[in-house]
Amino acid sequence: MRPRTDASRLPRDFFDRDVHAVARDLLGAHVSHAGVTVRITEVEAYGGVGDPGAHAFRGRTPRNAVLFERPGSLYVYFTYGMHFCSNLVAGPHGQGAAVLLRGAEVVDGEDLARVRRDAPGKPPVPARDLARGPARLAVSLGLSRPHNGLDTVAPDCPVRVTGRHADPDVPVRTGPRVGVTGPGGEGDSYPWRYWLEGEPTVSAYRPGVLRARRTQP
DNA sequence: CAATAGATCTTCT
DNA sequence: GAAGATCTATTGG
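Counting in UniProt numbering, the first sequence runs from 1 upward without gaps.
Here it is as structure tokens:
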């Protein structure tokens, strides 16, 4: 038997490339943390400064500072008052580009993922929904604020990114990014969402919608 | 099944 | 002050 080649951590060079190449090649890769391993089936590319849909669009701020760290860094942000989403910073260094992890299949540690995802008194979450959607994925992996900024390339990093691109026989599909409003969302200019065709763990497409006001106009 | 509203709070303008 | 790279429950067809 040949030793498994997908057990090694993806190196800096993997991440220090164009964000679209990194996004495509992350499909089928594995991410492990805190006893759970997932296989990535859906991602989105965010181009950094110059990409109207990206957090880095208006340059570096305290919140998005990690986007400007070394490629391979983990950018975890808090949104909608209750959810965390995770990204892997891509190259070139300093541009602010990153790949949002949007959907994955739990391939190890399903019991742990279930503990994190199941709500008391409610029916159990179907297996395919454990990491379907960026916030659900972060919950299954146990990722939140303290993990922001971790360097996944480092040998001792608790977050491991392993494996390579997807099975060449499985087509990669592309489309507009989910939940992005205005320029950078729908339209032909930013079909920057990538997923593996036929995977049940790919999140449902939902156009960006402006939320209704909470207060009087 | 599709559409919508509510939850909840950080961030930047 | 307002919007946000979301999720869930609920309502309506």
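We put the CB at the ideal spot given by N, CA and C, even for glycine.
Note that the structure is predicted; figures quoted are calculated from it, not measured.
Nearest residue (CA-CA) to residue i, options the options
i      : options                     : result
Leu112 : Gly133, Gly208, Ala138      : Ala138
Arg177 : Ser189, Asp167, Ala166      : Ser189
Cys85  : Pro92, Gly91, Tyr77         : Tyr77
Leu67  : Thr79, Ala90, Pro134        : Ala90
His165 : Pro155, Gly59, Asp25        : Asp25
Val202 : Leu210, Pro191, Arg173      : Arg173
Pro191 : Glu44, Ala29, Val31, Arg128 : Glu44
His83  : Pro134, Glu69, Tyr194       : Pro134
Pro168 : Arg17, Ser8, Gly179, Ala29  : Ala29
Residue i versus residue j - alpha carbon distance
i      : j      : result
Tyr46  : Gly94  : 13 Å
Ala98  : Val22  : 9 Å
Lys122 : Val49  : 42 Å
Leu27  : Glu42  : 7 Å
Val19  : Gly96  : 10 Å
His55  : Asn64  : 7 Å
Leu143 : Gly182 : 29 Å
Phe14  : Val153 : 10 Å
Pro62  : Thr79  : 15 Å
Ala34  : Gly81  : 24 Å
Glu110 : Gly103 : 15 Å
Asp51  : Ala204 : 23 Å
Sequence-distant residues of its chain with Cβ nearer than 6 Å to residue i (five each side left out)
i      : result
Leu150 : Leu74, Cys157, Val159
Leu10  : Val161
Leu196 : Leu27, Thr41, Ala166, Val170
Leu88  : Val99
Cut-off 7 Å between Cβ atoms - residues of its own chain near residue i, not counting five sequence neighbours on either side
i      : result
Ser140 : Val36, Val38, Val106, Ala113, Arg116, Arg117, Leu130, Ala131
Gly185 : Gly53, Pro176, Arg177, Gly208
Exposure label - residue i; buried when at least 16 CB within 10 Å
i      : result
Pro200 : exposed
Leu100 : buried
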